[in-house]
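Trainee:
Protein chains in written order, with my numbering: chain A, 1 to 294; chain B, 1001 to 1294; chain C, 2001 to 2294.
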């Protein structure tokens, strides 16, 4: 299934508009190119609606947010909603400051998002409208584990129901859910948290996957999350003894560039859990690190 | 000829002022260091004129343009014009929004540029004052090929005549022309379009080459374009099976760092076509990919 | 001594708030992650005080300064001072424009810094309130050598006495001094000046080292400077014939990521000179390049 979704990205090479932070914008642009999409970064209120118009997807990322870009996000988002283009929200650091929380909540009120992607701390801050987080990384208490998987999945379904968006919560295990079905994704490597912006990159990637696959938002978002995590695994396997997080950063983007749709189909490691019944389907890999009760 | 031009860059190590976008500014700084120049990025209206004063060249790049930096570009540009420092314009995404087109046209009216460097879509938008482009990449219909080379060259000469600037149009084949002579440059590799900011980097590099070679703008701009394209070739030859666009990005800058003036002299792959007569001179390489009627 | 200091960084993984330029912010974030700290970049006046509150250290870097962020720096700095969090100032390009000099001097008046880190040109501009510098790099006349070491050390002690901050002046030799004691640090490699932002990265690293070692600001800042320089040496040893400054940039961050506290203890190459007596202690390595009268 993910093979076709990835093929659509490479075939359609969607142009993605990113209103995003300056820390990771270069990596976001390069990972979009790596997957077969094209990036454009534009954040001035005077041009964002026009830029969105020539694109097929939009990412709103609130890292290094400033008062100038908040209105740009609203303008671009409304234009994208009008045109039916998917909009992805990355609520970087929501909960860490009133500006970020309020902005994220305001965007949620004003815009219809296709996907909201963040860590569990950020998602809780959005869902409850409160709670300080530890900056841009998830609190330790907010790790997703086999133990709290069902609980977090229930939270994601409820949040999806409330917002109408697919909810992608990333962490040790990633969850991608709508109000009914949820993908539990076991791809990825812990070292990815030593590279700044892997979350931002994933949000951009998600916009590309969703834009290239109209009407299949849930599957496309899950495919993007699998692709990013799998790239993290492939990149980790490639590390030489002197390589640290800077080389790892490059190797992750390289891995997306070199990944074929067939590779993703085989490397994706997930299971689908439905609120309607028991596990619908599993593509779970029995790799050492990830072995466990399925 | 290019040997001496590159030696002047390494000998004079010009300080280049860049008012540029935040997506690729780090790469622009590193490629300037790689070629032997020094970068300084400063975009606040309160300091740009002073900063330009201690530099010997200026790059104005309208990617991630905002209303605050437009006035900074004018201030810096006027100061540079006053001092006789070369100014390079990179009209990133001109044609993609009114803000970018209008700003680029306004800069063209108010400032004298030494070089304008962009892809064919951006250049057409500037020359005609219209036409939407596909974001920051050239339209497919705007590829420069052996077939439309003379036509694009005539366009470049006319645009140079109109602006008084050397026109550098980059694509599959690159053209660098003033109102009379034109360099057709065959260096480069298609994979360079998979790395964000290779155009921005080239514009910064061009400012360094031109600043270090007063009175030789056309040759210096052509040398910079050859150097960038040749770096792309060298970097591509170095790719290992797992390397993608992120490693390629690093290798391109590495290749500029390791490139000697002698290497550029030999690796430059171009021919000069004059409006006055037939081909003046050819340094065209007979490499497989680039073979063809000269 | 440095072993314990570095262990404290890895154990406490301090969250560092950075108000910094957009050119090198990605590298600053990744080097913070490499040393075991966490980064957060936030520069809007509406959130900086709150962000500083959840952090344990703050870096103020005036590269790509703009009028919007100056007030943010003051707000964040005052909050950090109130909470007793260490604040590091990186006066990038002080002396190159009135905006940068005035801002740096204003910050010095309003805030108490734990550490001020810059090159000798920038430090002189701050100490004297005057003098144009060559952009963001030190003037040639401002190199620290064995010959002017005592003179620069006396300058650093006086500047520390005036500001109450530890003074870190980096160059061919690095000096880290309070009003009494001074570390002369011989780590580093000349090629580091070919990578943009190694100074910015060091300032961020210094904030992490100081934040994780309360009450030991001088030693922690010296350890950070040794760690950065030593990473530059390790990274240089790793260069292959085709590697240039872009690969070197990655290898430096990699080297911090792979550096153990024991490695730093052994690799740190410095001597301590006190104003009270003769050289207190030496950890100076007798490597070829660095041999000389101790």
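Ideal Cβ positions, reconstructed from N, Cα and C, are used throughout, including at glycine.
Tell me the rounded alpha-carbon separation between residue 295 of chain A and residue 1103 of chain B.
Mentor: No information on residue 295 of chain A is available, as it lies outside the stretch 1 to 294 that chain A covers here.
Trainee: Counting only runs that start and end within the region 2045-2129 of chain C, where is the beta strand (DSSP E) found for 3 or more residues in a row?
Mentor: 2057-2061, 2087-2090, 2115-2118
Trainee: Using a Cβ cut-off of 8 Å, pull out every chain C residue sitting near residue 244 of chain A, in sequence order please.
Mentor: 2034, 2253, 2254, 2255, 2256, 2257, 2258
Trainee: Which residues, taken in chain order from the region 170-203 of chain A, show a beta carbon closer than 9 Å to some beta carbon of chain C?
Mentor: 193, 194, 195, 196, 197
Trainee: Between the beta-carbon of residue 2202 of chain C and the beta-carbon of residue 2170 of chain C, is there less than 8 Å?
Mentor: yes
Trainee: Would you mind reading off the limits of the alpha helix (DSSP H) that contains residue 1194 of chain B?
Mentor: Neither: residue 1194 of chain B is in no alpha helix (DSSP H) and is coded neither H nor E.
Trainee: Considering only their Cβ atoms, is the gap separating residue 1034 of chain B from residue 1253 of chain B smaller than 8 Å?
Mentor: yes
Trainee: Closest to residue 39 of chain A by C-alpha separation, out of A:47, A:52, A:46, would be which residue?
Mentor: A:52
Trainee: Can you list, in chain order, the residues of its chain with a C-beta nearer than 6 Å to that of residue 224 of chain A? Leave out the 5 residues immediately preceding and following it.
Mentor: 205, 206, 209
Trainee: So within the region 1149-1210 of chain B, which uninterrupted beta strand (DSSP E) runs reach at least 3 residues, ignoring any that extend past its ends?
Mentor: 1166-1169, 1174-1177, 1181-1185
Trainee: Considering residue 2218 of chain C, what are the terminal residues of the alpha helix (DSSP H) in which it resides?
Mentor: 2217-2238
Trainee: Assuming residue 181 of chain A and residue 274 of chain A are in contact, meaning their beta carbons sit under 8 Å apart, how far apart are those beta carbons, in whole angstroms?
Mentor: 5 Å
Trainee: Is there a Cβ of chain C sitting closer than 8 Å to that of residue 93 of chain A, yes or no?
Mentor: yes
Trainee: Are residue 271 of chain A and residue 284 of chain A close, meaning C-beta to C-beta below 8 Å?
Mentor: yes
Trainee: Determine the extent of the beta strand (DSSP E) in which residue 2263 of chain C is found, giving its start and end residues.
Mentor: In the DSSP annotation of this structure, residue 2263 of chain C is not part of any beta strand (DSSP E); the continuous alpha helix (DSSP H) holding it starts and ends at 2261-2267.
Trainee: Please state whether DSSP places residue 1273 of chain B in a helix, a strand or coil.
Mentor: strand
Trainee: Residues of chain B with CB closer than 9 Å to the CB of residue 238 of chain A, please, in chain order.
Mentor: 1242
Trainee: Going along the chain, which residues of its own chain have a beta-carbon closer than 6 Å to the beta-carbon of residue 1295 of chain B, five neighbours each way excluded?
Mentor: Residue coverage of chain B in this structure runs from 1001 to 1294, which leaves residue 1295 of chain B outside it and unanswerable.
Trainee: Pick helix, strand or coil for residue 2015 of chain C, following the three-state DSSP scheme.
Mentor: strand
Trainee: Taking only beta-carbon positions, decide if residue 2019 of chain C is within less than 8 Å of chain B.
Mentor: no
Trainee: Smallest Cα separation from residue 1186 of chain B: which of B:1240, B:1236, B:1173, B:1248?
Mentor: B:1173
Trainee: Give a yes or no on contact between the region 1077-1093 of chain B and the region 1055-1065 of chain B, applying the rule of three or more CB pairs nearer than 8 Å.
Mentor: yes
Trainee: List, in chain order, every chain B residue whose beta-carbon is nearer than 8 Å to that of residue 2126 of chain C.
Mentor: Per Cβ cutoff of 8 Å: no residues; residue 2126 of chain C is ~16 Å from chain B at best.
Trainee: Can you find a CB in chain B that lies within less than 8 Å of the CB of residue 47 of chain A?
Mentor: Yes - at least one Cβ of chain B is within 8 Å of the one on residue 47 of chain A.
Trainee: For residue 1036 of chain B, collect the residues of the same chain with a Cβ closer than 6 Å to its Cβ; drop the 5 residues on either side in sequence, then sort them by chain order.
Mentor: 1009, 1010, 1013
Trainee: Could you spell out where the alpha helix (DSSP H) holding residue 2144 of chain C opens and where it closes?
Mentor: Looking at the DSSP string, residue 2144 of chain C is not in any alpha helix (DSSP H), and its letter there is neither H nor E.
Trainee: Less than 8 Å between CB atoms is the rule here; does residue 2062 of chain C satisfy it with respect to chain A?
Mentor: Nearest CB-CB separation between residue 2062 of chain C and chain A: not below the 8 Å threshold.
Trainee: Grouping DSSP H, G and I as helix and E and B as strand, with all else coil, what is residue 1002 of chain B?
Mentor: helix
Trainee: For residue 233 of chain A, which option in A:255, A:218, A:242, A:215 has the closest C-alpha, if you only look at C-alpha atoms?
Mentor: A:255
Trainee: Just to confirm my understanding: we take residue 2149 of chain C, look at its own chain, exclude 5 residues before and 5 after, and list those with CB closer than 7 Å. What are they?
Mentor: 2173, 2184
Trainee: Using DSSP's beta-bridge definition, name the partner residues of residue 1282 of chain B.
Mentor: Checking the DSSP bridge columns, you'll see residue 1282 of chain B partnered with B:1271.
Trainee: According to the Cβ coordinates, are residue 23 of chain A and residue 2072 of chain C closer than 8 Å?
Mentor: no
Trainee: In chain order, what residues of the same chain have a beta carbon less than 6 Å from the beta carbon of residue 1041 of chain B, not counting five sequence neighbours either side?
Mentor: Contacts found: 1018, 1025.
Trainee: What is the residue span of the alpha helix (DSSP H) that residue 2246 of chain C lies within?
Mentor: 2245-2258
Trainee: With a threshold of 8 Å between beta-carbons, can residue 71 of chain A be considered close to chain E, or not?
Mentor: Reference to chain E is not applicable here, since the protein chains of this structure are A, B and C.
Trainee: What whole-angstrom Cβ distance do residue 154 of chain A and residue 116 of chain A have, given they're in contact under 8 Å?
Mentor: Wrong, their Cβ atoms sit about 16 Å apart, outside the cutoff.
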